[in-house]
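Participant: Shown below is the structure under consideration.
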Amino acid sequence: MTDSPLFYQAGPTLPEVSHADGVTLWDTRGKAYLDGCSGAISCNLGHGRQDIRNAMLAQLDRVAFTYRTQFENAPALALGRALVELTDGALEKVFFVCSGSEAVESALKLARQYVVATDEPQRRRFVSLRPSYHGSTLGALGVTGYHPLEAPFTELTHASLKVAGPDFYRHQDADDDAHVDRVLAETRTAIEAAGPESIIAFILEPVGGASTGARLLGERYLKGIRALCDDVGCLLILDEVLTGLGRTGTWFAWQHYGVIPDLLVTAKGLGAGYYPVGALLARDDIVSKVMANGGFQHGHTYAGNPLACATGLAVIEAIRRERLLDNTRARGEQLEAGLRTLAERYPWVGHVRGLGLLWGVELVADPATRQPFPAGQNRFAQITALAKEEGLLIYPRRTLDGVAGDHFLVTPPLTIRAQEVGTLLERLGRAMARFDQALADEAGT
Ligand code: PMP
């Protein structure tokens, strides 16, 4: 992903981080940055937390690593139980991994092993959305719908059937319900054309993350997809790598919609930036069938080690103790109101959307036609650089496949306080004013 002008061209001039505390990071020159995107939407508890540090040190003092075939370990058992509880018992089995890509990869492999175990080996394909992002390993890339990342690998990956999800900003249907119904009907037709008996699972994010700029899919669509999966006889995998562990104001985003997945993957917020840890959760009967058919043929060395699990456990305890789901909802409302006020000032803000503390702002060249800025103008990088100069980190994404404009995510730590949301909005407001001035200068006005 070094094609990003933020990464490659800005590389030599990237500031060097010195230290961090709460929602603030400092570089070695003493400049402070408010972390408006939780790193890569991962540092959900903010930086420099003593409770997480203490839990990790206590575990390090006992034992950091054990291998799963040699020892049971208490932190893994406790974290497994805690995660199952967070699903209200809907999913009963947990498999630990070290990253989001590994979690997705594991889900795809478990789903495939399930259809083999249930005498349906002809099921060989996944269905996923375009645009989407599910990770950078080859399997996860196969279900990812983003051409620049896919292009060199299409002959190596077992590409999924890609379908469009709802787009509540650009659709031309009579209303949102009619739009969802049309999208669902088209998806059904695409699956029927591909052969329903060939589909292993449908994978999607219940609330779009980085790839779509927090695009919402909504209850009608998600319930429709659940019903479609049941009709087709395939599994539903929800990718909550980014949305899991409270980002949208509930433990998992599907809990807003009452749509229960068969498999669920989560990562980023589980380690909260303190240690790489992720998990795949699955229904008991799925796992039992695979276990009865020779077991789950998959695993990574570092998965489920005591230090990783002690970290995840401390993160869940902190979210509970500090009532961070409540804070996410309250601060989310404050952030939404502020973003909408800013959006009203500038015609190039096409759309503001999100849930909890996951907000996306889409930029357009023409608000009437909703036409994105030309890709080569790299507006996402421009506004992100201006925000950084103003002491604010936001998470940028370039214009996508011609279907969405440049956008950025505002996703501060779930611990953010009201006054800090105010500071975030002030800094973003200054960056947006400068961006607006730059556009005016370019236009010669
Ligand atoms: N799925 C989603 C929805 C993601 O947002 C990401 C990371 N951006 C991944 C999978 C991959 O996670 P990782 O970078 O930890 O491999």
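Just so it is clear: in the sequence shown, position 129 is 128 by numbering that gives the first Met the number 0, and no numbers are missing.
Ideal placement from N, C-alpha and C gives every residue a C-beta, glycine not left out.
If you drop the 5 nearest sequence neighbours on each side, which residues of the same chain put their C-beta closer than 6 Å to that of Leu-107?
Facilitator: So the qualifying residues of the chain are Gly-138.
Participant: Going by the DSSP bridge assignment, what does Thr-265 pair with across the sheet?
Facilitator: According to DSSP, which records beta bridges pairwise, Thr-265 is partnered with Glu-239 and Ala-278.
Participant: At the level of alpha carbons, what is the spacing between Gly-337 and Thr-383?
Facilitator: Distance between the alpha carbons of Gly-337 and Thr-383 is about 18 Å.
Participant: Between Arg-352 and Gly-164, is the Cβ-Cβ spacing less than 9 Å?
Facilitator: It is not a contact, given that the beta carbons lie outside the stated cut-off.
Participant: If you reduce the DSSP assignment to three classes, tell me which class Lys-30 lands in.
Facilitator: Looking at Lys-30 - three-state DSSP - the assignment turns out to be coil, as it is neither helix nor strand.
Participant: Does at least one heavy atom of the ligand PMP sit under 8 Å from the Cβ of Ile-190?
Facilitator: No.
Participant: Considering only heavy atoms of the ligand PMP, does any lie closer than 8 Å to the CB of Gly-138?
Facilitator: It does not: the Cβ of Gly-138 is nowhere closer than 8 Å to a heavy atom of the ligand PMP.
Participant: Short check: CB of Glu-204 to CB of Gly-257, under 9 Å?
Facilitator: Cβ distance not < 9 Å, so Glu-204 and Gly-257 don't count as in contact.
Participant: Would a C-beta distance cut-off of 9 Å place Met-55 and Leu-323 closer than the cut-off?
Facilitator: Taking 9 Å as the Cβ cut-off, Met-55 and Leu-323 do not qualify as a contacting pair.
Participant: Is DSSP giving Leu-423 helix, strand or coil here?
Facilitator: Note: Leu-423 maps to helix in three-state DSSP.
Participant: Buried or exposed: Ala-386, going by 16 or more other Cβ atoms within 10 Å of its Cβ?
Facilitator: Counting Cβ neighbours within 10 Å, Ala-386 comes out buried, since at least 16 surround it.
Participant: For the alpha helix (DSSP H) that Gly-223 lies in, which residues bound it at each end?
Facilitator: Start and end: 218-231.
Participant: Have a look at Thr-398 and Arg-369 and give me their C-alpha separation to the nearest angstrom.
Facilitator: Thr-398 and Arg-369: Cα-Cα distance of roughly 12 Å.
Participant: Is Ser-127 near the ligand PMP, in the sense that its beta carbon is under 8 Å from a heavy atom of that ligand?
Facilitator: The answer is no for Ser-127.
Participant: What is the C-beta distance between Ala-200 and Ser-98, in whole angstroms, given that I count them as a contact (C-beta under 8 Å)?
Facilitator: So it is not a contact: roughly 20 Å between Cβ atoms.
Participant: Please determine whether the Cβ atom of Ala-39 lies at a distance below 8 Å from any heavy atom of the ligand PMP.
Facilitator: Yes, since a heavy atom of the ligand PMP falls inside the 8 Å radius drawn around the Cβ of Ala-39.
Participant: Between Gly-375, Ala-442, Thr-340 and Leu-160, which has its C-alpha nearest Leu-427's C-alpha?
Facilitator: Nearest option by C-alpha distance: Thr-340.
Participant: Whose CA, out of Lys-30, Asp-440, Val-96 and Asn-43, lies closest to the CA of Leu-263?
Facilitator: Residue Val-96 is the option with its Cα nearest to Leu-263.
Participant: Taking the alpha-carbon positions, what's the Val-93 to Leu-280 distance?
Facilitator: Each residue's Cα considered, the two are about 5 Å apart.
Participant: Just the Cα atoms here: how many angstroms apart are Asp-325 and Asp-166?
Facilitator: Between Asp-325 and Asp-166, the C-alpha separation is close to 28 Å.
Participant: Which residue spans inside the segment 36-118 form an unbroken alpha helix (DSSP H) run of at least 4?
Facilitator: Fully enclosed alpha helix (DSSP H) runs of 4 or longer: 37-40, 49-61, 73-85 and 99-116.
Participant: Can you tell me which of Gln-436, Leu-140 and Thr-310 puts its alpha carbon nearest to the alpha carbon of Ala-271?
Facilitator: Checked all of Gln-436, Leu-140 and Thr-310; the closest Cα to Ala-271 is Thr-310.
Participant: For Thr-27, which residues from the same chain have a beta carbon less than 8 Å from its beta carbon, with the 5 sequence-adjacent residues on both sides left out?
Facilitator: For Thr-27, where only same-chain residues beyond five positions count, the Cβ hits under 8 Å are Pro-14, Glu-15, Val-16 and Ser-17.
Participant: Can you name the start and end residues of the beta strand (DSSP E) that Ser-210 belongs to?
Facilitator: Where Ser-210 is concerned, there is no enclosing beta strand (DSSP E), given that its DSSP letter is neither H nor E.
Participant: Please give the ranges of any alpha helix (DSSP H) in the segment 336-414, keeping only runs that are unbroken, at least 4 residues long and fully inside the region.
Facilitator: Counting only runs of 4 or more, we get 378-388.
Participant: Give me the Cα-Cα distance between Ala-367 and Arg-169, rounded to the nearest whole angstrom.
Facilitator: Answer to the nearest angstrom: the Cα atoms are 11 Å apart.
Participant: Buried or exposed: Arg-378, going by 16 or more other Cβ atoms within 10 Å of its Cβ?
Facilitator: The residue in question, Arg-378, is buried, as its Cβ has 16 or more Cβ neighbours within 10 Å.
Participant: Taking Arg-48 as the reference, which of Glu-425, Ile-318, Gly-331 and Arg-328 has the closest Cα?
Facilitator: It is Ile-318 whose Cα lies nearest to the Cα of Arg-48.
Participant: Is it buried or exposed for His-46, if we count other Cβ within 10 angstroms and need 16 for buried?
Facilitator: Answer is buried; the Cβ neighbour count reaches 16.
Participant: Measure the Cβ-Cβ separation of Gly-331 and Glu-361 and say whether it is below 9 Å.
Facilitator: No. Outside cutoff.
Participant: Under 9 Å between the Cβ atoms of Met-431 and Tyr-345?
Facilitator: Yes, Cβ-Cβ distance for Met-431 and Tyr-345 is below 9 Å.
Participant: Name the residue from Glu-101, Gly-21, Ala-75 and Gly-35 whose alpha carbon lies nearest to the alpha carbon of His-299.
Facilitator: Ranking the options by Cα distance to His-299, first place goes to Glu-101.
Participant: Following the continuous beta strand (DSSP E) through Ser-131, name the residue where it begins and the one where it ends.
Facilitator: Unbroken run through Ser-131: none, as it is neither H nor E.
Participant: Where Phe-434 and Gln-381 are concerned, what is the direct C-alpha to C-alpha distance, given to the nearest angstrom?
Facilitator: So the two alpha carbons sit approximately 8 Å from each other.
Participant: Taking only three categories from DSSP, how would you classify Ser-17?
Facilitator: Reduced to three states, the DSSP call for Ser-17 is strand.
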